[in-house]
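Enquirer: Protein chains in written order, with my numbering: chain C, 1 to 613; chain L, 1001 to 1530.
#1: To the nearest angstrom, report how far apart residue 1073 of chain L and residue 1083 of chain L are at their CA atoms.
#2: In chain L, what lies closer than 9 Å to residue 149 of chain C by C-beta?
#3: Taking the alpha helix (DSSP H) that residue 483 of chain C belongs to, which residues open and close that run?
#4: For the segment 59-75 of chain C against the segment 111-119 of chain C, are there 3 or more C-beta pairs whose distance is under 8 Å?
#5: What does DSSP give as the partner residue(s) for residue 1076 of chain L in the beta ladder?
#6: Roughly how many angstroms lie between the CA atoms of residue 409 of chain C and residue 338 of chain C, to the nearest whole one?
#7: Would the segment 98-105 of chain C and the segment 158-175 of chain C be scored as touching if the rule is three or more Cβ pairs under 8 Å?
#8: Select from the segment 281-315 of chain C all residues with a C-beta closer than 8 Å to any C-beta belonging to chain L, and list them in chain order.
#9: Please state whether the Cβ-Cβ distance between residue 1422 of chain L and residue 1485 of chain L is less than 8 Å.
#10: Taking its Cβ as the centre, do 16 or more other Cβ atoms sit within 10 Å of residue 204 of chain C, making it buried, or is it exposed?
#11: Could you have a look at residue 1324 of chain L and say whether DSSP puts it in helix, strand or coil?
#12: Counting along the chain, where does the alpha helix (DSSP H) carrying residue 476 of chain C start and finish?
#13: Cβ closer than 7 Å: which chain L residues qualify as neighbours of residue 240 of chain C?
#14: My assumption, with CB atoms under 8 Å, is that residue 510 of chain C sits in contact with residue 418 of chain C. Please give the rounded CB distance.
#15: Quick one: what's residue 505 of chain C bridged to in DSSP?
#16: With distances taken Cα to Cα, identify the nearest neighbour of residue 477 of chain C among C:443, C:150, C:502 and C:506.
#17: Using the C-alpha atoms, what's the distance from residue 273 of chain C back to residue 303 of chain C?
#18: Against residue 1201 of chain L, what residues of chain C qualify as contacts under a CB-to-CB distance less than 8 Å, listed in chain order?
#19: Could you check how far apart the C-beta atoms of residue 1362 of chain L and residue 1049 of chain L are, in whole angstroms? I think they sit under 8 Å.
#20: Ignore the nearest five residues each way along the sequence and tell me which others in residue 600 of chain C's own chain have a CB closer than 7 Å to its CB.
#21: Which bits of chain L does residue 621 of chain C rub up against, with CB to CB less than 9 Å?
#22: How many whole angstroms separate the CB atoms of residue 1113 of chain L and residue 1139 of chain L, which I take to be in contact at a CB cut-off of 8 Å?
#23: Skipping 5 residues on each side, what residues in its chain have a beta carbon closer than 8 Å to that of residue 25 of chain C?
#24: Where does residue 1089 of chain L fall in DSSP's three states?
#25: Quick one: which chain A residues come within Cβ less than 7 Å of residue 1333 of chain L?
#26: Curious, which full-length beta strand (DSSP E) runs of at least 3 residues does the segment 1083-1162 of chain L contain?
#27: Are residue 1323 of chain L and residue 1136 of chain L close, meaning C-beta to C-beta below 8 Å?
#28: Can you check which of these residues, C:134, C:105, C:513 and C:65, is closest to residue 310 of chain C by C-alpha distance?
#29: In angstroms with no decimal places, state the Cα-to-Cα distance between residue 316 of chain C and residue 94 of chain C.
#30: Please state the DSSP three-state secondary structure of residue 1396 of chain L.
#31: Counting only the same chain and skipping the five closest in sequence on each side, list residues whose C-beta sits under 7 Å from that of residue 1099 of chain L.
#32: With hydrogens ignored, establish whether the beta-carbon of residue 74 of chain C is closer than 7 Å to any heavy atom of the ligand NAD.
#33: Start and end of the alpha helix (DSSP H) containing residue 167 of chain C?
#34: To which residues of the same chain is residue 598 of chain C closer than 8 Å at the C-beta, ignoring the five residues directly before and after it?
#35: Counting only C-beta atoms, is residue 1189 of chain L closer than 8 Å to chain C at any point?
#36: Hey, residue 1122 of chain L and residue 1379 of chain L: beta-carbon distance below 8 Å or not?
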């Protein structure tokens, strides 16, 4: 078959060259292989965003300033994706609650020690610190395999050993001492429980297989064995998707139950509820309108908040945010704190705000991307963080208004705080470039960190120190001046705790005495797209430049794609979903709508059989 | 449970751990003694433990015994290599091989020192910067992407873990990985499929949970009955044979199935433990204490609790492999040890020149102190515990072990040239001990920082003996040495004509390593062969 592709101007490639050039003026080097899976760099502004095609027509190619949708491309799926540990734990909880509604906590507690031996998922991806998600961790460890078995065995034992629990789980026939009904009792139990575990209807072969676990003579502990086998089953631990067996093609539609499972674990991180199972049984999920109705119902369900919070929390996790109480007792840090008393939870409160903020604009209100990105509201739920912002603690309702200088994600305490007395403009710059714009940042020269740079003048402020250290060597200066540092300088009107400041106070490390009051200089040339000499002197101006580049919107699309599909995006084969998301964000669609509608995409509802069957 | 009677017991019969773990060590009657040799008794099962510390950059004069002790030598791989006996100096209750390799003389005895080897002069063939892979043979697996992904390999502990020569029967636990932040061990998703993807192995976070895992299940009645595991396995086979599943899906299923098969096999593994009283303290609780990061004694206690558990696992033969991802034990309270200390380890200046209590402290001194603490409180603690366990063959458990300690860097931070190893134990007669081995070729300078930072670098302003780094032998040879000492043959792991474990990657700046040096990687490192 000949594929006719619409000729597309490689906007992103041109911009990428500009970006690399800006970084490497006067220095050699290679680009970061990841940078968020990006092959694109800057756009050319909002006016160029829609360069043709109709995103609503699945057969028509179109492009945004960064992504190109070629409908002839076929996305490839992750092979046999497994439940994340969080999904697994939630699913266990929901299943046990179905079996023993009044006693689930105690049953789960019995499995607690075994559950603790199953490794936590690690944020994974080409650059786990920037753009890594736990959902991408697809490792299969011995501890995972053994642990899931032992957890199932412990749950089964905790139920089977207690007649009341077993009665609740399998009915009175399981405990009435009547051997005559034992076979039917177990058969009924399997037919009732197994479909919820495996998330699909059983065949008679399935029923026979699981009933046979008990052997010829049925005893109470046989229920434990059946539960153990089910909770270690591939249909429970993995997304075993065979698709609609009656269809063929590069991507095969999922069947109704597989769709229910994808939806449920995506939005709720757990098994389908009764309504979704009912929809699957009726075939509703194969009907576009009824499927959309279920997507909308699930998205609006409070259970979605946990997944959305996980997305924002992992995407925006600032790697530089240290524990804020670790430096207490150091003279300069104590002096810097100036009465603010951080504790072991302060850092977590800052990170919580990032999650709350994302959840609010995605689920709480109908708001476009820009409202989140440039939010001027506080989501501080605790006094420590609220006091940094100088606002009241947010409980319910309208979040408190922040001072005008605090514009968006860039000005959140989680992004600004360092755990020391001095800000880190270089690290802020890297965070802004990599986390918020998904731009690659090339590796430093191999020996860049091998020799400490001496700062003789202890009275230098953070910006001057950053310039002295990172811009002194020619082979470092290219990236630092052209790509990284200016993005951090713009928010130097906030101190290392995230408080607004008029001047920068430099403290003596040994005594905490004030060495200098340094004027704040936030004027910088952030060079968002690699060929831009416009300046910014505050977060609002920098945010405007970034939004104009379309990069933050594209970055959101990339990261939410990873979170949804559990794999790194491919700009070519996944271009359509990325472009559709990007365009919707550029068009000002509600953030929640954009997030919700990923589940409407064809690649969410179909599967490839890579490598043959 | 209480320990068995102590009537007639020697000190070797009991291992009393930091957190209250108490193990009455059996004489391991099942292990056939065949006459002791220097370095251990042949025929006994071998164990391997690897301790690692980050950063490195320890000056050679701090890390290694004095050059004057190198009294012997030989020509090897085209240059002269040197060797001397490890000679312990005792002064004021402190026994020392070097400033770092020193400890209380009550623990660091001459007999224990005689069971060590200290080696220097091992090199990576390229600039490694930050690396977790260097310790165990995954040289390309580091943070800076300075080697192609295709060169990444399972670490040698995992090669051993799935070798039928090392484990003739499936053990209860193939390997233990410990590290609060990361693992130095890398294995495959399907360890029996050489094409399977690599994955960083998870670490045990809680010492008591690890104890429960390696010693006995918390509740024996929960132990799976074999037929039920059969059914789980059969369930996976059913799906695998399903009419509609992709080849890649099937490969993933195979990985799970392989691990189920391994699980099934290990259910019949036999432990040979004596009576054990579980530890009363949890390492993770110590880790979470405020101030842990600047409290070397707490850091020591954390690792010692894990040492106890691994020593029990080794003595029970529940597991024969353990890796530890640690750091120097430091009280440095600055914001960033790596930037502030490790990066300045070779700098001819105090840490902070102005207005700081550390004004006269040199980073190298902090590096030395931190690593000396690690040696004494963590590494030697473990080694001494193994040496306190009778092997029933006239020696101690240490004699059938290899316990390695390696660092991220050589004598200069980030550069793995003149990389050092401290190795304890005789690997059941496979390795001779008591050697200080210097493999450097002192006619080929190994400074790798190029024109921007020409060497040599002075270390202290009052030190008139600046330290050069010299090229020596290659790291794949070291990895191969460990594998051979643990009972594998070169054909079990070699993949290039040069030999050794893993690819022989030599960048231009390291090309002064001769062909003879590269070709020597097939052999065990000199002076160590029994």
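Backbone N, C-alpha and C fix where the C-beta goes; we use that ideal spot for every residue, glycine too.
Expert: Looking at the atomic coordinates:
#1: If I take the Cα positions, the gap works out to 5 Å.
#2: Per Cβ cutoff of 9 Å: 1224, 1228, 1229, 1232, 1260 and 1263.
#3: For residue 483 of chain C, there is no enclosing alpha helix (DSSP H), as DSSP marks it with neither H nor E.
#4: The segment 111-119 of chain C and the segment 59-75 of chain C do not touch, with fewer than three beta-carbon pairs separated by less than 8 Å.
#5: In DSSP, residue 1076 of chain L forms a bridge with L:1079.
#6: Straight-line Cα distance between these residues: approximately 25 Å.
#7: With the cut-off at 8 Å, the segment 98-105 of chain C and the segment 158-175 of chain C touch.
#8: If the cut-off is 8 Å between Cβ atoms, the segment 281-315 of chain C has nothing near chain L.
#9: Judged by beta-carbon spacing, residue 1485 of chain L lies beyond the 8 Å limit of residue 1422 of chain L, meaning their Cβ atoms are not closer than that value.
#10: Classification of residue 204 of chain C: exposed, given that the 10 Å Cβ count is below 16.
#11: Taken through DSSP and simplified to helix, strand or coil, residue 1324 of chain L comes out as strand.
#12: Boundaries of the alpha helix (DSSP H) harbouring residue 476 of chain C: 474-479, taken from the DSSP string.
#13: Correct list: 1239.
#14: 20 Å between Cβ atoms; not a contact.
#15: For residue 505 of chain C, which the question treats as bridged, DSSP gives the partners C:517.
#16: The residue with the shortest Cα to Cα distance from residue 477 of chain C is C:443.
#17: Cα to Cα, residue 303 of chain C sits roughly 11 Å from residue 273 of chain C.
#18: Result: 141.
#19: Not really, about 32 Å apart at Cβ, beyond 8 Å.
#20: Here the set comprises 292 and 295.
#21: Here chain C comprises residues numbered 1 to 613, so residue 621 of chain C is not present and cannot be evaluated.
#22: Under the criterion of beta carbons closer than 8 Å, residue 1113 of chain L and residue 1139 of chain L do not qualify as touching, at roughly 30 Å.
#23: Below a pLDDT of 50, predicted positions are generally treated as unreliable, and residue 25 of chain C, at 41, falls in that range; no measurement from the model is reported.
#24: Note: residue 1089 of chain L maps to strand in three-state DSSP.
#25: Absent from the structure is chain A; the protein chains it does hold are C and L.
#26: Counting only runs of at least 3 residues, the segment 1083-1162 of chain L fully encloses the following beta strand (DSSP E) elements, listed from N- to C-terminal order: 1089-1091, 1094-1096, 1102-1104 and 1116-1123.
#27: In contact: residue 1323 of chain L and residue 1136 of chain L (Cβ atoms closer than 8 Å).
#28: For the residues C:134, C:105, C:513 and C:65, the minimum Cα distance to residue 310 of chain C belongs to C:134.
#29: Spanning the two alpha carbons is a distance of roughly 29 Å.
#30: For residue 1396 of chain L, the secondary structure class from DSSP, reduced to helix, strand or coil, is strand.
#31: Beyond the five residues adjoining it in sequence on each side, residue 1099 of chain L comes within less than 7 Å, by CB distance, of 1062, 1368 and 1372 in the same chain, given in chain order.
#32: For the ligand NAD, the structure offers nothing, since it holds no ligand at all.
#33: Residues 163-170.
#34: If we look at residue 598 of chain C and ignore the five residues flanking it on each side, its Cβ neighbours are 560, 561, 564, 577, 581 and 604.
#35: So yes, residue 1189 of chain L belongs to the interface.
#36: Contact: no.
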